[in-house]
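The structure appears below as C-alpha cells.
In the numbering used here, the protein residues as written are 1160 to 1342.
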C-alpha cells in the first residue's frame, strides 16, 4: 500500500512539474476574446470559399492546408497607451519562446511586423503575424493548418496581392478594423 502512495506521489509531482506555466499564444487569444478593448475575429476554413476562387494547384493546396485564422487587434487610443505597451511586451515574450521560429522582421515609421512559424520548415503547423504601429495599435494573426508548405503559402500570398483572391471573411476583418480605428 505504501508503494502505491509513493508511486501516486511521484506521478503527481511529475505531472505538476511537467505542466508548463508559461503563457501560450492560444491562451492569450482565449483570454482576450471577450475583452472590450480588443477586436477578435475567428475565421474557420469553411468561410474560405475555395470553390469561387480561381487558383492554380499549388495555391489550392496552400488554401486547403489552412484550417483556421484567428485575428486579434488592440486599436490604439488616448486611454489605452499603457495597455498597448503592456500587451506588446506580453506578446513579444510569448513569441520569443523557442517553439517559434522567425521568418522575417521588418518595420518603418513606427510600425513593426514579425512573422513567425511553428513546425518544421517544410511542414508548418502555425504561422503568426504580429504587427505594432505607434499610431494605430497592434494586431496578432494566427494561421493554423496542416502541412502548410512555405513556398505554397508565398504563392497564395502573392495571389492575395494580385487581387485574384477575394475572400469575404477577410473583408469583414478589414471593415471591422477600419470602423474601430477610424482612419
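Idealized CB from N, CA, C, for every residue including glycine.
- Here residue 1259 has 1275, 1277 as same chain residues with Cβ atoms under 6 angstroms from its own Cβ, once five neighbours each way along the sequence are excluded.
- Judged by beta-carbon spacing, residue 1302 lies within the 9 angstroms limit of residue 1228, meaning their Cβ atoms are closer than that value.
- A direct Cα-Cα distance of roughly 30 angstroms separates residue 1261 from residue 1195.
- Residue burial annotation: residue 1263 is exposed, with fewer than 16 other C-beta atoms found within 10 angstroms of its C-beta.
- For residue 1187, there is no enclosing beta strand (DSSP E); the enclosing alpha helix (DSSP H) has its first and last residue at 1184 to 1191.
- The three-state reading of DSSP puts residue 1256 in coil, since its state is none of H, G, I, E or B.
- When secondary structure is reduced to three states using DSSP, residue 1224 falls in the helix class.
- DSSP lists no bridge partner for residue 1250.
- Judged by their CB atoms, residue 1231 and residue 1265 are not nearer to each other than the 9 angstroms cut-off.
- Close CB contacts of residue 1287 within its chain, under the 6 angstroms cut and outside five residues either way in sequence, are with 1275, 1301 (chain order).
- The three-state secondary structure of residue 1299, taken from DSSP, is strand.
- The three-state secondary structure of residue 1219, taken from DSSP, is helix.
- Looking only at 1299, 1314, 1305, 1242, the smallest Cα-Cα distance to residue 1200 is reached by 1299.
- Cβ contact annotation for residue 1254 (same chain, cutoff 8 angstroms, sequence separation greater than five): 1184, 1273, 1275, 1287, 1289, in chain order.
- Distance between residue 1241 and residue 1202, taken at the CA atoms: about 29 angstroms.
- Residue 1274 sits in a strand when the DSSP states are folded into three classes.
- Looking at the backbone, the Cα of residue 1281 and that of residue 1182 are separated by about 26 angstroms.
- DSSP, read as helix, strand or coil, puts residue 1284 in strand.
- The Cβ atoms of residue 1218 and residue 1297 do not sit closer than 9 angstroms to each other.
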